[in-house]
Ligand code: ADP
Ligand code: MG
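Numbering (the UniProt record's numbering), first residue to last: 1 to 757.
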């Protein structure tokens, strides 16, 4: 059944070539018990390795049950070992951390049996070897003879035709040796081919049917000592089942348990890094959210020169007007010194005719009045603002496109911030306001008396409804407070209000008090009427500056901040000119006949600060990412090193798995599984630690900097997407790193793994 033709195994060493096996020809049959005798170094182990497919000959061919193995690929050899060969070694090669029974079962797990079938077969073999009692003992708790019985049971587990035993009694005392010989003899008599390497010629003579003597890799004698039973050859078994997933998991788990110290060490070094990664990724994902806030300001629309402002006023003129009113406000000392002067002015600088003439200029699409009305709703002042066309509304004011009020809808939309001011509750849910009727008063300078209630004339009252609440915080978190003082209407609706109230010669002023929840105060000044109200909330920088909660103290910072803002705000007297591609130098010259043509300073200021903040966020994102990379790299490398070291400690075990037919892939799976289990369990523990820690940092940031109010959200708010990404990424990377040592381990040759020193 086993035929060797001109088998030669050469080892090319640096200086010379060693012929470990030299031109061997021989045939073995089922039922034979062959002893191979020879001095140390005569090539016995090498020959047995060739027979067992642990190693392939340099020349010649091996024919098994009529099948020529010279065309075998690695996979065929694995299957050949698993299905046809049972190995028994001098030093037993049992896996130290598995019990007697488990050592047998591990071989069975390569042949696709159910756990029950495996257990039954293992019990059967334990009984056959007479070691049922020792089934739950570890190798170190077994005697030499018992260990060799376990090894033989394991060799028999897959019902192989051929048993290869390399000095099976080399480590046993004479009595035990005899018992093992009897077992091997019985196996041969029952139809196995047993090939045994031994030093002991007496044992060979007493038990085997044939003795082959080797010297320097050559056969020097080959004699039949007693007749063997004749058996018919079988078909070569080609079962291809392989290591089962759960067995791989079990082996991996076991390995981790056995190497408890290095496992704990790995986890202890992984967990802090993973916790840090969760925190950093949480931050990174939130930061990218802030970044998205700037899109409206930094978007394409603004980059193109398709928007200009035109005003008949000189800048100096505007400034002096403001200064006059500013002085007046200070003189009146309404809320000295925390008053914001001249917040919004509505002056109608052009007649309708002038506007339509401007619209006739080539390349001018539309000239929009910047229409604001000061209005009162429930005794709270707001600024009613006409929205420019959809695209502009979205970048100028951060109005999400889906919330843009179409012209036919004669209602108002409020930002959720404005709605909160209306409800006088910063934490109120505001959605229920959608669809409710609402009444507001428009302030009319001419009819405005000194005292506020008297200007609430019936003819200025508008009954309408809230058509939408915009959750602007989803789009422009950083600008959200800006929206608190505004309510919006469509441009068309604003125009119709203008007609109804003949607002052309209105001049309305408003200013704000530090506390938006204070009731309305109005006062008339020269050239206008001042109201106080929520516009202060409109300052996006306010909470960054004062770092206190909304109702608490305010200080002079605000005043300066508003001074800065105010200068920009004069664009309410500028008309927005929307251009198309046909706009040219001539058109610009014509437009300039109507007044100053500029890009709004307010926009320049916003864009500038948005750009700066955007840059700042970019840098922070970059550095956070770099830190994340370093933080994850260090423990990952450590795990890699630990796994590499473990290969060295486990070459024997890998060799055993290979000798019983494990494929390279199975070894790789076990290693990857180990790093995977390590990564996953560290990941879960890290998550449990990280979540409250993130919450803790968030709360500290919140109490120190009041970020919720100023940024619309805290950068350490839970960002589940960020945390999940961090989890998948870090667990994935650490698992993948197991592939490196795993590949190395899987490529080790089984014969070198099992060579005994
Ligand atoms: P035995 O089992 O009879 O003691 P071996 O089969 O282990 O002998 O070795 C036979 C010869 O081949 C020895 O001279 C040994 O040094 C050499 N040899 C075995 N394996 C290798 C190897 N991997 N590289 C080089 N020489 C080897
Ligand atoms: Mg040897």
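Quick reminder that beta carbons are idealized off the backbone N, C-alpha and C, glycines included.
Computed from a predicted structure; not experimentally measured.
- Taking C-beta separations shorter than 6 Å and ignoring five residues to either side along the sequence, the partners of residue 88 in its chain run 151, 152, 155, 165, 168, following chain order.
- In terms of Cα proximity to residue 366, the closest of 376, 595, 579 is 579.
- A straight-line Cα-Cα distance of about 28 Å links residue 620 and residue 685.
- For residue 42, the shortest separation between its Cβ and any heavy atom of ligand 1 lies below 6 Å.
- A direct Cα-to-Cα measurement between residue 354 and residue 597 gives close to 15 Å.
- The alpha-carbon separation between residue 163 and residue 195 amounts to approximately 6 Å.
- Around the C-beta of residue 622, fewer than 16 other C-beta atoms lie within 10 Å, and the residue is accordingly described as exposed.
- If you ignore the 5 residues before and after residue 65, its C-beta comes within less than 7 Å of the C-beta of 1, 233, 234, 235, 236, all in its own chain and listed in chain order.
- Fewer than three pairs of CB atoms, one per stretch, sit closer than 8 Å, so the region 84-103 makes no contact with the region 264-276.
- The beta carbon of residue 241 sits closer than 8 Å to those of 110, 111, 112, all from its chain and outside the five residues before and after it, given in chain order.
- Per the Cβ contact rule, the region 245-263 is not in contact with the region 692-707 (fewer than 3 Cβ pairs under 8 Å).
- Non-local beta-carbon contacts of residue 229 in its own chain, meaning distances under 7 Å to residues more than five positions away in sequence, involve 31, 189 in chain order.
- Not a single heavy atom of ligand 2 lies less than 6 Å from the C-beta of residue 238.
- A heavy atom of ligand 1 is found nearer than 6 Å to the CB of residue 18.
- Inclusion of residue 731 and residue 683 in the CB contact set at 7 Å is warranted, their separation being smaller than that value.
- Residue 275 places its beta carbon less than 7 Å from that of residue 690.
- Distance check between residue 373 and each of 352, 493, 577, 223 places 493 closest, using alpha-carbon atoms only.
- Contact between the region 170-186 and the region 211-225 is absent, with fewer than three C-beta pairs closer than 8 Å.
- Scanning 496, 191, 176 for the CA closest to the CA of residue 159 turns up 191.
- Shortest Cα-Cα distance from residue 660 to any of 713, 62, 5, 243 involves 243.
- Taking the CA atoms as reference points, residue 674 sits about 44 Å from residue 705.
- In the three-state scheme derived from DSSP, where H, G and I count as helix and E and B as strand, residue 35 is classed as strand.
- The beta carbon of residue 218 sits closer than 6 Å to those of 22, all from its chain and outside the five residues before and after it, given in chain order.
- The closest heavy atom of ligand 2 lies 6 Å or more from the beta carbon of residue 209.
- Taken atom to atom, the span from the alpha-carbon of residue 575 to that of residue 369 is near 5 Å.
- Nearest C-alpha to residue 713 among 288, 358, 464: 288.
- If the five residues before and after residue 197 are omitted, its C-beta is found closer than 6 Å to the C-beta atoms of 36, 44, 48, 166, 167, all from its own chain and listed in chain order.
- For residue 644, the distance from the CB to the nearest heavy atom of ligand 1 is not below 6 Å.
- For residue 45, the shortest separation between its Cβ and any heavy atom of ligand 1 lies below 6 Å.
- Residue 582 has its alpha-carbon roughly 44 Å from the corresponding atom of residue 420.
- By the neighbour-count definition (other C-beta atoms within 10 Å, threshold 16), residue 653 is a buried residue.
- DSSP places residue 236 outside any alpha helix (DSSP H), giving it a letter other than H or E.
- Its Cα nearest to that of residue 6, the residue 50 stands out among 50, 12, 428, 14.
- With a cutoff of 7 Å on beta-carbon distance, residue 126 and residue 135 are scored as near each other.
- Residue 135 carries a coil assignment under DSSP once its states are collapsed to helix, strand and coil.
- Look at residue 267 here: in three-state DSSP terms it is helix.
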